[in-house]
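Below: the structure, in structure tokens.
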Amino acid sequence: MFEKYNSSLNSMIFNDPSIKQSICAEAKVGISNNLLLSGSNGVGKSLIAGLLVTAANPNANPADCFLDGSNLCEQEIKNALNMLLMNFGSPAVLVIDEVDRMGTRELNMFQKLIDGFTNKNVNSCKFILTTNRPVALSDALRSRLKTYPIAGLTDLQCLPMVASEFEKYGVLLTDCDITELLTTCYEPNATLLDMRKVEEIVKEVVFSMANVII
Ligand SMILES: Nc1ncnc2c1ncn2[C@@H]1O[C@H](COP(=O)(O)OP(=O)(O)OP(=O)(O)O)[C@@H](O)[C@H]1O
Ligand SMILES: [Mg+2]
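Heads up, the sequence shown is in my numbering, so the first residue is 1 and it goes up one at a time.
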């Protein structure tokens, strides 16, 4: 969904254009830092991580570049990096999704792994970490990462994306109708949209309209 807006970093709508600029610059120079993408649910952290991985190494299969932080240990990280280097060549860019789910001991070992790479000038391995809870990571680990806070979109920023998706399916709604729909796409007490909810509501509406037409 939203293919026109989420298939490349350049076409994505970001809440903060300066963050978009910096992330696009990272993609252009081939990721020179270990990155931390932080932000609440459904704001596009994993999406951005995937697009960065592809930009850094177009040969790599994005699914092979993703590790889930839950119960992850150092050896699994090393194995994944070796597999990426062997199968897709350099650089190996590994995403650790929801990195805050790693245990404290494992996070400390991960930090040492990063230091080892830095000390030995290993530039062929880079990490992109995502988290909803950056505060769960130690200051020491965070100081080794370049953090990009990713914020959700406002209804106004999201409007062109949703309108073009409805248009694609021949569903005609006014901006007012769409804004009304988007009111259901916020986490409790949030002021910015959860894109996962936006996708769901758009699918629901398209599906119900298609049923009506059929
Ligand atoms: N700016 C955007 N433009 C288009 N689609 C987006 C955008 N941000 C997110 N999405 C879509 O919303 C869905 C959720 O995005 P994603 O999984 O990247 O969020 P996340 O920040 O990783 O969430 P979580 O913290 O729950 O893991 C995806 O299907 C993604 O394609
Ligand atoms: Mg995610």
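Beta carbons: idealized from backbone N, C-alpha and C, even for Gly.
On a CA-only basis, which of the options is nearest residue i? Give me that one, please.
i    : options                : result
V206 : L193, T179, N189, V162 : V162
T183 : Y169, F166, D155       : D155
N34  : A56, C158, F14         : A56
T54  : S38, L36, I77, C24     : C24
Y148 : N71, E26, D177         : E26
E199 : A63, N132, C185        : C185
I128 : T191, N87, P62, K168   : P62
N87  : P58, L67, T104         : P58
K20  : E204, I150, L181, R196 : I150
G44  : T179, L67, K197, N82   : K197
Using 10 angstroms around the beta-carbon of residue i, count the other beta-carbons present and answer buried if the total reaches 16, otherwise exposed.
i    : result
T130 : buried
S38  : buried
L172 : exposed
G42  : buried
N71  : exposed
G89  : exposed
N123 : exposed
N6   : buried
I214 : Note that I214 has pLDDT 49, beneath the 50 cutoff, so the model's placement of it is unreliable and the number below is only indicative. I214 is exposed by the Cβ-count criterion.
Roughly how many angstroms separate the alpha carbons of residue i and residue j, rounded to a whole number?
i    : j    : result
G152 : A60  : 28 Å
S40  : G170 : 32 Å
S18  : S11  : 14 Å
E187 : N119 : 42 Å
N189 : A49  : 27 Å
M109 : K28  : 30 Å
L36  : K146 : 6 Å
D194 : K78  : 33 Å
N132 : D139 : 16 Å
N82  : E3   : 32 Å
F117 : T104 : 20 Å
E76  : N121 : 22 Å
T179 : E204 : 16 Å
S208 : R144 : 48 Å
L67  : K168 : 34 Å
Report yes if the C-beta distance between residue i and residue j is below 8 Å; otherwise report no.
i    : j    : result
L137 : L94  : no
G69  : D100 : yes
L9   : I31  : no
A92  : C125 : yes
L113 : E74  : yes
S46  : D97  : yes
D175 : L159 : yes
C65  : L85  : no
Q230 : I13  : This structure cannot speak to residue 230, because the chain is shown only from 1 to 214.
To the nearest whole angstrom, what separates the beta carbons of residue i and residue j, a pair I think is in contact under 8 Å?
i    : j    : result
V202 : M1   : 7 Å
N15  : L141 : At roughly 25 Å, the Cβ-Cβ gap does not stay under 8 Å, so N15 and L141 are not in contact.
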